[in-house]
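Asks:
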Amino acid sequence: MARNYGDDNKSALQAKSDAQKIAFAPIMFQAAKALRDFRILSYLRRNKEGGTLEEIAKHAGISEYGTLVLLEAGLSMEMVMVKKDKYYLTKTGYFLNVDMLTRVNLDFTHDVNYKGFFHLQEAITQGSPAGLNKEFGPWPTVYEALAELPDKFRESWFAFDHYYSDTSFPQVMPVVFRNNPKRILDVGGNTGKFAIKCAEYDESVQVSILDLPGQLKDAEKNIHENGFEDRIKGAPINLLDFSIPYPKGYDVIWMSQFLDCFSENEIVSLVSNARDAMDDEAELFIMETLWDKQRFDASTYSLHATSLYFTCIANGNSRMYHSEDMHRLVEKAGLSVVEMIEDVGVSHTILICKK
Ligand SMILES: C[S@@+](CC[C@H](N)C(=O)[O-])C[C@H]1O[C@@H](n2cnc3c(N)ncnc32)[C@H](O)[C@@H]1O
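Residue numbers (our numbering): -2 to 352.
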């Protein structure tokens, strides 16, 4: 089916104005972050009657000059407004300050992506994660690097990853368990959060996690802390070595926010390996943030930006997929999508696939 998205109905004035927002976006982004981090937004949030420049600067512990340039940027970003020399927080400023979705996205942009994105064009021409390589180290993908990256990077990367999956996991339990699976294989199970949720949800289920050794160390710690060593096991593996078959005998194979970490050809090989491990009753659940299945423009915008994180930082070749691409790749790997569940958590879709 042909794709349709977007229109061109703006006035020329509006279009030119929007173009300036893009032209200055990285500068204004840093100003927004500074307004948040210097606690100027939280000060204005607490002081509903507004604050003068002098009061705000004193509270932030920075010069009046520094406070003024940030506040004036805030006026243009519509994060603050000024009336009779007093500054007030707007709704956008409020969300920048306290909304968890915004916080997680902003910190991910800053701590994981910001410096690396200087090298985006190189990443695109070379098909390699040039941002990761130039700013952090010579790893082929971010996944092999994660355990060794700076604390801030790791913190914001995991907060971003977990924010989206954490809100979906409780919601998907009744779907995953509707046919009473006894054994679940979590491919790319990361820090074990899904496996632990399953073990809490069903007292007899056994879960195995496949992931890289670095991530499994975190998973094993969490499994131990939750007392599930007898029912959750981790198997270290590089899943990009397609010659290694997946273990057999699982009722459900689970891939959450996993396939977007790979190129189209790699997805076909990964899903083919899952297929080879499935019997006729087994189900493969693919939970993804598919960009055409979003209810809000802001979600699609975030996913298109996140695709570029894959290009520049993660691996140089993957992206957030369109639902039609994911269907096509699953079918190319020899499975059928038998059901699709939309609007799961913040922005997920689940594809249920069978032989
Ligand atoms: C974006 S995270 C998703 C984690 C989790 N499933 C969730 O929904 O939050 C992708 C996971 O795939 C793993 N992964 C990526 N490349 C891999 C590879 N080549 N072999 C094994 N695991 C890999 C990563 O280590 C990471 O844990």
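Even glycine gets a Cβ: it sits at the ideal position worked out from N, Cα and C.
(1) Does the beta carbon of Gly342 fall short of 7 Å from some heavy atom of ligand 1?
(2) Work out the CA separation of Gln291 and Asn1 for me, nearest whole Å.
(3) Output the distance between the C-alpha atoms of His345 and Met284, rounded to the nearest integer angstrom.
(4) Which two residues bound the contiguous beta strand (DSSP E) that contains Thr346?
(5) So, with DSSP's three-state summary, where would you put Phe255?
(6) Relative to the alpha-carbon of Pro167, which residue among Glu197, Asn176, Thr138 and Thr188 has its alpha-carbon at the smallest distance?
(7) I'd like to check one pair, Glu132 with Lys112: are the Cβ atoms closer than 8 Å?
(8) Sort out for me which residues DSSP pairs Leu207 with in a bridge.
(9) Do the stretch 97 to 107 and the stretch 269 to 282 touch if we need at least three Cβ pairs shorter than 8 Å?
(10) Threshold first: 4 residues or longer. Then list the alpha helix (DSSP H) segments lying entirely within the stretch 108 to 182, N to C.
(11) From His319 to Ser162, what does the alpha carbon distance come to, in whole angstroms?
(12) Can Pro178 and Val249 be called in contact, C-beta distance under 8 Å?
(13) Nearest to Ile53 by alpha carbon, out of Asn130, Lys45 and Thr64?
(14) Roughly how many angstroms lie between the CA atoms of His324 and Val334, to the nearest whole one?
(15) Taking the runs of the alpha helix (DSSP H) that are 4 residues or longer, which of them lie wholly in the stretch 3 to 46?
(16) Any chance the CB of Ser125 is under 7 Å from a heavy atom of ligand 1?
Replies: Judging by the given coordinates:
(1) Checking every heavy atom of ligand 1 against the Cβ of Gly342, none is found closer than 7 Å.
(2) 14 Å
(3) Cα-Cα distance, rounded: 6 Å.
(4) His345 to Lys351
(5) If DSSP states are grouped into helix, strand and coil, Phe255 belongs with coil.
(6) With distances taken between Cα atoms, Pro167 lies closest to Glu197.
(7) yes
(8) Val184 and Ala232
(9) As far as the Cβ criterion goes, the stretch 97 to 107 does not touch the stretch 269 to 282, which means the pair count is below three.
(10) 117 to 123, 127 to 132, 139 to 142 and 148 to 173
(11) 19 Å
(12) yes
(13) Thr64
(14) 7 Å
(15) 9 to 20, 22 to 34 and 37 to 43
(16) Outside the cutoff, so no.
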